[in-house]
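A short worksheet on the structure shown next.
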Amino acid sequence: MTVRFFAYLRDREYANCKELETAAPATVRALGEELSQRFGKRFRGEFFSPDGAELGERVIVMVNGRRVEFLSGIDTPLKESDTVQIFPVVAGG
Amino acid sequence: MNNGYTGVILRVDLKKGTVAKEPLNWKNAEDFVGARGLGTKYYCDECDPNCDPLGPDNKLIFMTGPLTGTVAPSAGRYDVVAKSPLTGAIGAANSGGHFGPELKYAGYDGIIFENVADHPVYLYINDDKVELRDASHLWGKDVYETTDLLNAECGESFRVACIAPTGENGCLFAGVMNDKHRAAGRGGMGTVMGVKKLKAVVVKGTGSVRVARPKEFFQDCMDARATLKAHPVTGAGLSAYGTQILVNIINASGAMPKNNGRDGSVFADADDISGETLTAKYLLRNKGCFGCSIGCGRVTDIKEGPFKSKGEGPEYEAGWSFGADCGVNDLAAVCDANFLCNQYGIDPITMGATIACAMELYEMGALPESDVGFPLRFGDAAAMVKCTELTCKGEGFGKILGLGSYRMAEKYGHPELSMSVKKQEMPAYDGRAIQGIGLEYATSNRGGCHVRGYVISPEVLGIPVKTDPLVTEGKAGLLKTFQDLTALVDSTGMCLFTTFGIGLPEIAAAYRDAVGTDESDEDILLKGERVWNLEKQFNIAAGVEKDTLPPRLLREELPEGPAQGKVNQLQTMLAEYYQVRGWTAEGIPTPEKLQALKLS
Numbered sequence: 011m012t013v014r015f016f017a018y019l020r021d022r023e024y025a026n027c028k029e030l031e032t033a034a035p036a037t038v039r040a041l042g043e044e045l046s047q048r049f050g051k052r053f054r055g056e057f058f059s060p061d062g063a064e065l066g067e068r069v070i071v072m073v074n075g076r077r078v079e080f081l082s083g084i085d086t087p088l089k090e091s092d093t094v095q096i097f098p099v100v101a102g103g
Numbered sequence: 004m005n006n007g008y009t010g011v012i013l014r015v016d017l018k019k020g021t022v023a024k025e026p027l028n029w030k031n032a033e034d035f036v037g038a039r040g041l042g043t044k045y046y047c048d049e050c051d052p053n054c055d056p057l058g059p060d061n062k063l064i065f066m067t068g069p070l071t072g073t074v075a076p077s078a079g080r081y082d083v084v085a086k087s088p089l090t091g092a093i094g095a096a097n098s099g100g101h102f103g104p105e106l107k108y109a110g111y112d113g114i115i116f117e118n119v120a121d122h123p124v125y126l127y128i129n130d131d132k133v134e135l136r137d138a139s140h141l142w143g144k145d146v147y148e149t150t151d152l153l154n155a156e157c158g159e160s161f162r163v164a165c166i167a168p169t170g171e172n173g174c175l176f177a178g179v180m181n182d183k184h185r186a187a188g189r190g191g192m193g194t195v196m197g198v199k200k201l202k203a204v205v206v207k208g209t210g211s212v213r214v215a216r217p218k219e220f221f222q223d224c225m226d227a228r229a230t231l232k233a234h235p236v237t238g239a240g241l242s243a244y245g246t247q248i249l250v251n252i253i254n255a256s257g258a259m260p261k262n263n264g265r266d267g268s269v270f271a272d273a274d275d276i277s278g279e280t281l282t283a284k285y286l287l288r289n290k291g292c293f294g295c296s297i298g299c300g301r302v303t304d305i306k307e308g309p310f311k312s313k314g315e316g317p318e319y320e321a322g323w324s325f326g327a328d329c330g331v332n333d334l335a336a337v338c339d340a341n342f343l344c345n346q347y348g349i350d351p352i353t354m355g356a357t358i359a360c361a362m363e364l365y366e367m368g369a370l371p372e373s374d375v376g377f378p379l380r381f382g383d384a385a386a387m388v389k390c391t392e393l394t395c396k397g398e399g400f401g402k403i404l405g406l407g408s409y410r411m412a413e414k415y416g417h418p419e420l421s422m423s424v425k426k427q428e429m430p431a432y433d434g435r436a437i438q439g440i441g442l443e444y445a446t447s448n449r450g451g452c453h454v455r456g457y458v459i460s461p462e463v464l465g466i467p468v469k470t471d472p473l474v475t476e477g478k479a480g481l482l483k484t485f486q487d488l489t490a491l492v493d494s495t496g497m498c499l500f501t502t503f504g505i506g507l508p509e510i511a512a513a514y515r516d517a518v519g520t521d522e523s524d525e526d527i528l529l530k531g532e533r534v535w536n537l538e539k540q541f542n543i544a545a546g547v548e549k550d551t552l553p554p555r556l557l558r559e560e561l562p563e564g565p566a567q568g569k570v571n572q573l574q575t576m577l578a579e580y581y582q583v584r585g586w587t588a589e590g591i592p593t594p595e596k597l598q599a600l601k602l603s
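Okay, here's the thing in C-alpha cells:
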C-alpha cells in the first residue's frame, strides 16, 4: 500500500519523505504503530492521542481520500490497494 | 460616547466635488455592527436596487468595523460595498492590510461616494484635512505605479487604496487594492470605482480608537491572541505554508475541480502546485496584515525561467484557478498570473475560472482560435498567463475574458459551461464532493463564494466539528450558522481566519467590551443573521436569479476519487435551508422573520 505525508510531516523530524510503500497492516492503528516505530517519538506524538488509544488532535488521516472518522475510525481496516494520506491539521481559504 | 467608532462618516459627491462630514447613524451601527453590515445598510437605505451598477446612481461605500484598528486579533479589515456589476447582486468585498485602521485613526468610520466625477480624481485624507484632488496623471497607471506615485506625492506614511486600468476599462471583476497587495477583490468593486473616475483614496491618521471598557477589552484580546497562538492552524500551519497548504488535502478529498470541472476533481499534479512546493521553491517570507499574529501572506520570488516574477501570493484559490482549473501544473506560471492580478487589480478566482471556461469552449470547438489569437488548451501554462495579461491590459481576447465566464460562455452559446452562481465564479472546492459547500455557493448573497459560509472547515478540515462531506443531512443548519457568524465577523472588522482558532464567545466578548454593550452572545450573533437577511432582501428587490448551481454540479457525476459517482444534492438541502432560515419554500424571508430581525 501507499502512505503519503504532507506539510511538516514530510520533514526530517517526522517521516523525512513524501511517500512510502509498505505491506498493508491490518488497521490504521497498526499502521500508526509501524510508522511510529520507524520514525520515532515525535511522529507518535502527532499520530496518537497522549494515551495512545485514539488519533491525535493534530493529525488528519484519510484512507483513499476519506477521513477515517467517517469509516471505522482508528480501527479502519487496510488492504494492499489502499492509499493512506496523513496530514497535520490544516486550514486556509 | 464613540466607543469602537469614530462617529463620523465622510460623504463625497464626486459630481459636485464636495466633501461633507456627517454623524454616524448610531441606530444602524448598533443593529448592523459595521463594515459589511453597516455599509450594506447605508447602501440599501440610499440606493435603488434596480439602479445600473455601471451608472451614476450606484454608490460606493468604504466602511470599517468597530474593532478595526484595535488590538483585537487580526482586526485590520474594511469593506467596500456597491451593487456588483458582475452579478447585479449586493456586492461587499473586504480587505486587510493597513488601510482600514488608518481611516479610523484619521477620524472616519466610512466614506460614501456618490455620483461620477467629470475627470479622474483621488480622495486625500490627512486627519481633518479631506479634499478631492486631480488624478489625471494617475489614470492608466497600475496598482504599484499608482501607489508609489501617491506615496511620493502625499508622503510615504499614507496608506493607498486604488484601482488599476482594469477598473477604468470595463473589466467586470476589477478589485480595490490597498497596500499594493491586499484586495477587496470579488464582485467588481474596483469596476464601480472606475466608473466614478475615482482612482484612489489616500489616508493618514494620527488618532486612535476609543473602547468602552479598556481593561476588559484588552484582556479579551490578549486571551484570544493566546488561543490563536496555541492553535496548530492559526499558530503554526497558516504562517508556515499559507493557504496553499489546502491543495493536497482538498485534492485528496476529490474536490479540487480540474479543467473547469469537466474532468472531475482529482488533479494528478496537485503536489506540484501545493503550499509545500511553494514553500520549498519560491517563498521568501510570510507576511501579516495589521495586528495579525497569523501571517498567512506569502512573499514569493520566481528567480528565473519564462515566468520570472516577484510579488505576493498566491492564495489557495488563485493557486487552484490558474493551476488545476486550467490543467496547469507549473507553479511559476501560477505565481506569475497571480502577481499580474495584483498589479492590475483583478479578482484571480474569476480570472482563472474564466480562462478555464474559455479553454473548455476552445477544446469543444465553440470558441474559434481566431478570436483568441493562439491555441488555448488545458495545461498550456504560457497561454494561461497570456490570457491573464491580455485581460489585465484590456487587449484583444482579454476584453471578452474581462466580462467574466458567464457572459463569455453565453456569447459562444454555452452559458451552462460557466462555473458560476449568479454570474460569479465558484472557487476551489467541488460541490459534488463536498455537499455543504455546494449549498453555500447556491445561497451566497454575492454569488459563487466560499467565504460567506466556509463549511469546508467542518466538512474537510474538522474545525470546529467533523462532518462527512458526502452527506447532506444537517448541512443546512450548519451552513446557516456559518453564514450568520461570518456576516458578524466581517462586520466587526476582524479577519475570518481567526475563526479557525476562536469562535463566537471570544468575538462577542471583544465586541461587547469595545462598544459597551451587555448583549448576549446570541443577541450579537443575531446581528449577523440580520445582515444576511438584509442582503437577501436587496437581491430579491434587484431581481437577482434564484439560488442554484451550474448544471454540471447537479447532473454530471464525478468520474473518480472518493466522491466518484456523486452530484450535488442541492434540492434536498435547499428546502431544509429555507426552512431553518425561516423563509418561504421559494426562498423569501417571511414577514415574521423580518419583524423578528427588525427589518420590516
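Chains P and L supply the protein sequences, listed in that same order.
Here the first sequence is numbered in my numbering, starting from 11 and rising by one per residue.
Here the second sequence is numbered in my numbering, starting from 4 and rising by one per residue.
Positions of the beta carbon are idealized from the N, C-alpha and C atoms, including for glycine.
Every value quoted in this text rests on a predicted model; they were computed, and no experiment measured them.
Residue range 102-108 is occupied by the alpha helix (DSSP H) that includes F102 (chain L).
From the beta-carbon of A385 (chain L), no residue of chain P is found nearer than 8 Å; the closest lies around 28 Å away. For chain L, the residues of the segment 76-99 of chain P that bring a beta carbon within less than 8 Å of one of its beta carbons are R76, R77, E79, F80, Q95, F97, P98, V99, in chain order. For L241 (chain L), the chain P residues whose Cβ falls inside 9 Å of its Cβ are V100, A101, G102, in order along the chain. When secondary structure is reduced to three states using DSSP, K202 (chain L) falls in the strand class. According to the DSSP assignment, P26 (chain L) belongs to the beta strand (DSSP E) that extends over 21-26. Residue L:A436 holds the alpha-carbon nearest to the alpha-carbon of V269 (chain L) among L:T246, L:K414, L:A436. By the rule that beta-carbons nearer than 9 Å mark a contact, N448 (chain L) does not touch chain P. Here R136 (chain L) has Y125, Y127 as same chain residues with Cβ atoms under 6 Å from its own Cβ, once five neighbours each way along the sequence are excluded. If you check the CB distance, Q247 (chain L) and G322 (chain L) come in under 9 Å. Nearest C-alpha to N181 (chain L) among L:M192, L:V195, L:V163: L:V163.
C-alpha of E67 (chain P) to C-alpha of I252 (chain L): approximately 17 Å in a straight line. Close partners of H453 (chain L) in chain P (Cβ separation under 9 Å): G103.
By the rule that beta-carbons nearer than 9 Å mark a contact, K51 (chain P) does not touch chain L.
Contact of A40 (chain P) with chain L is not assigned, every C-beta pair being separated by 9 Å or more. Judged by beta-carbon spacing, S256 (chain L) lies beyond the 9 Å limit of A544 (chain L), meaning their Cβ atoms are not closer than that value. The residues F116, E117, N118, V119, A120, V124, L135, K199, K200, L201, in chain order, have a CB closer than 8 Å to that of L17 (chain L) in the same chain once the five nearest residues on each side in sequence are set aside. K86 (chain L) carries a strand assignment under DSSP once its states are collapsed to helix, strand and coil. The three-state secondary structure of I543 (chain L), taken from DSSP, is helix. Residue environment for W29 (chain L): exposed (fewer than 16 other C-beta atoms within 10 angstroms of its C-beta). Q567 (chain L) carries a coil assignment under DSSP once its states are collapsed to helix, strand and coil. For G37 (chain L), no pairing in a beta bridge is given by DSSP. G401 (chain L) sits in a helix when the DSSP states are folded into three classes. Put simply, the segment 550-570 of chain L does not touch the segment 515-523 of chain L. Fewer than three CB pairs are less than 8 Å apart. Secondary structure at Q427 (chain L): strand, using DSSP grouped into helix, strand and coil. One alpha carbon belongs to T169 (chain L), the other to E318 (chain L), and they sit about 21 Å apart. Between the C-alpha atoms of I459 (chain L) and I440 (chain L) there is a straight-line separation of about 7 Å. A340 (chain L) is not a Cβ neighbour of P309 (chain L), given a cutoff of 9 Å. Those residues of the segment 473-485 of chain L placed with their C-beta closer than 7 Å to a C-beta in chain P do not exist. Interface flag for Y18 (chain P) against chain L is set, since a Cβ pair is found closer than 9 Å. Excluding its 5 nearest sequence neighbours in each direction, C27 (chain P) has no C-beta neighbour in its own chain below 6 Å. Closest option to V78 (chain P), judged by alpha-carbon separation, among P:G62, P:D61, P:F97: P:F97. The segment 88-97 of chain L makes no contact with the segment 230-239 of chain L; the number of CB pairs closer than 8 Å stays below 3. Straight across, the Cα-Cα distance linking G79 (chain L) with G99 (chain L) is about 5 Å. Between the beta-carbon of A95 (chain L) and that of R449 (chain L) there is about 6 Å, and that keeps the pair under the 8 Å contact cut. Looking only at L:A23, L:A258, L:I93, L:G208, the smallest Cα-Cα distance to D130 (chain L) is reached by L:G208.
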